[in-house]
Amino acid sequence: MNPPIPTPRGPLSSALLAHLVDGEPLGVPSLRGLDPLTDDDLHLALWCCYELHHHGFAGVADDAEWDIDVLRFRRVLESVFEGALRAEHQPRAVPSDPLVALRVIATWAGPPLASTIAERGEREHLQELALHRSAYQLKEADPHTWAIPRLRGPGRAAMIEIQADEYGHGVPGEGHAELFAEAMEQLGLSSRFGDSIDRLPGTTLATDNLVTMFGLNRRLRGALVGHLALFEMVSVSPMSKYLTAARRVGGLRALERFYEVHVEVDAHHAEVALGGMVAGIVADEPELADDVIFGAAALHRVEARFARHVLRSWDDGRSSLRPSLEAGLGVATDALASHGRGDAAVSLVSEAATGATRAPAAAPAEPPLSATG
Ligand SMILES: [Fe+2]
Ligand SMILES: [Fe+2]
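In my numbering, the protein residues as written are 7 to 379.
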C-alpha cells in the first residue's frame, strides 16, 4: 500500500498537496524569509515531491512524478536548498584531492549524539531516534542506487559491491531497510514507510532530502558518491555506540542486529568506498572531484544540524519530534509524549549538549551520523 498523504504544515506543503490530491493549480512558490536548510514546510514539500519518485502516495496518480507543475515547484525548492548548502561549503578549507579531503572530513567532530545515547539513552530515546531515521532507513540504499546507471568502470563496480550488501544480496528479509523495519516493530513503532513523517521536523527531513536530491539529479552524481563514501567511512563508531545502548536497554535483538550488521560490514565498505568507488569514479570523470567533496561535507553539516537539534531538544526537556497528531500515525505516541518532559530526558543530555553548544571545539571528536549506509 502506498504511504498516506502527510498533513500540510504551511503554505508550500498545502499548495503542493492540494494540487496532488484535488488538482488545484500549483504556482511558483515564494520562499522569502524561510531558512532553506531547516524550514519545516519547505522540507516537507520537497520530501513529498521526491517521494513521488519512490513509493508515491495513496490517492495520488503514479504519473504525478512527471507533472510539469510539480517539477517546476520542486526545482525552486531544491535550488534554494542546494544553494544554501553550497554557500556554507568552504572548498578551500579542505584539500582538493577528494581521497585526502574525505579522510579529513571523516575526522570532523559533531554534536555527541551517539556517545550520549550510548552512555545514558533509554528505550524512549532509541524510539525517538528510530522515528527520525525512518524517512531514510526504511528505504536505505535506494537513493544511492540512482547513481549506478550514471557511472562507469571500476568505481561503479565498487558501488555495486556496497549496494549488494545493503540489499542483503537479494535474500528476503536481509536488506538493511528490512532489518531496520524489524527493529522499529520491536520498538513498538509502525514500520510502514511514511507513517511517522508528520512527526519529523525540517531538520530531519533535510537529511533525507539531501541524499534524494543528489540521487535524482544526474548532474549531482559526484556529490552522491561523496555522500555514500562518507556514510560508509564514519559509520562504525556511531553504530557501535548505538549498539551499546540497544544491548544495555535489552529486549531489542532486532535493533542490535541492525547495528551489528553495520559495525561488521561498514569497515569493509569504507575501504571499498574510498579506494574503489571514489578513486575509480574520479579517475573516470575528474571533473566530479569537487562535488564528491561537496557531497561529503554537506552530509556532515546536515547530520550535525540534526544531532544538535535532538540534543538541544532533550536538554530543554522536550521531545525532538513534532507534536503527535494522534490518529492514524501508528507510532508509540504515548511513550514519546511522556518522554521529553521527564527527568530522564533532561539528565540524559545536559552535560553533553551543554558542552557541544557552548564549546563545539571541545566536543569529543565524534562523527555526527545517526543514519548509515
Ligand atoms: Fe546499510
Ligand atoms: Fe554500508
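Every residue, glycine too, gets a C-beta built ideally from N, C-alpha and C.
Handout entry: Proximity below 9 Å, CB of Leu43 to CB of Leu91
Key = yes
Practice task
Inspect the CB distances between the region 247-256 and the region 295-303 and report whether three or more fall short of 8 Å.
Solution key: no
Exercise for the section: Leaving out five residues on either side along the sequence, give the residues of the same chain with a beta carbon under 6 Å from the beta carbon of Gly348. Expected result: The predicted model places Gly348 with a pLDDT of 31, which falls under 50 and marks its position as unreliable, so this point remains unresolved.
Exercise for the section: Confirm the yes/no value for this check: CB of Val271, any heavy atom of ligand 1, distance under 8 Å. Expected result: yes
Handout entry: Run of the alpha helix (DSSP H) containing Leu119, from where it starts to where it stops
Key = Leu119 to Arg126
Handout entry: Thr151 vs Gly221 beta-carbon contact at 9 Å
Key = yes
Practice task
If I'm right that Thr218 touches His138 with Cβ under 8 Å, what's the distance once you round it to whole angstroms?
Solution key: Incorrect: roughly 16 Å between the Cβ atoms, too far for contact.
Practice task
Pair every Cβ in the region 282-290 with every Cβ in the region 82-99, then say whether three or more of these pairs are closer than 8 Å.
Solution key: no
Handout entry: Where Thr378 falls: helix, strand or coil (DSSP)
Key = coil
Exercise for the section: Check whether the Cβ of Ser243 lies closer than 8 Å to any heavy atom of ligand 2, and answer yes or no. Expected result: no
Exercise for the section: On a CA-only basis, which of His306, Arg227, Leu327 and Phe186 is nearest Pro117? Give me that one, please. Expected result: His306
Exercise for the section: Answer yes or no: the CB of Phe264 versus the heavy atoms of ligand 2, is any distance below 8 Å? Expected result: no
Handout entry: Beta carbon of Glu26 nearer than 9 Å to that of Val76
Key = Here residue 26 is Leu; the residue named in the question, Glu, does not match the sequence. Going by C-beta atoms, Leu26 is nearer than 9 Å to Val76.
Practice task
Indicate whether Leu32 and Glu84 have their beta-carbon atoms separated by less than 9 Å.
Solution key: no
Exercise for the section: Consider the Cβ of Ala67: report whether some Cβ of chain B lies at a distance smaller than 9 Å. Expected result: Absent here is chain B; the protein component of the structure consists of one chain.
Problem - Length of the line joining the Cα atoms of His175 and Phe199 - result: 22 Å
Handout entry: Cβ-based neighbour list, Leu193, same chain, cut-off 6 Å, excluding 5 preceding and 5 following
Key = Gln133 and Ala136
Problem - Alpha-carbon to alpha-carbon, Pro207 and Ala343 - result: Any reading at Ala343 must be qualified, since the residue scores a pLDDT of 37, below 50, and its modelled position is unreliable; the value itself is stated next. C-alpha separation (whole angstroms): 16 Å.
Handout entry: Alpha carbon of Ala24 to alpha carbon of Arg263, nearest angstrom
Key = 41 Å
Practice task
Would you mind listing the alpha helix (DSSP H) stretches within the region 227-256 that are 4+ residues and don't spill past its ends, in chain order?
Solution key: 227-239 and 242-255
Handout entry: Sequence-distant residues of the same chain with beta carbon closer than 6 Å to Pro149, five excluded per side
Key = Val217, Thr218 and Gly221
Exercise for the section: Identify whether Gln169 lies in helix, strand or coil by the three-state DSSP scheme. Expected result: helix
Exercise for the section: Report whether the distance from the Cβ of Ile168 to the nearest heavy atom of ligand 2 is below 8 Å. Expected result: yes
Practice task
Let me know if His274 comes out buried or exposed under the rule of 16 or more other beta-carbons within 10 Å of its beta-carbon.
Solution key: exposed
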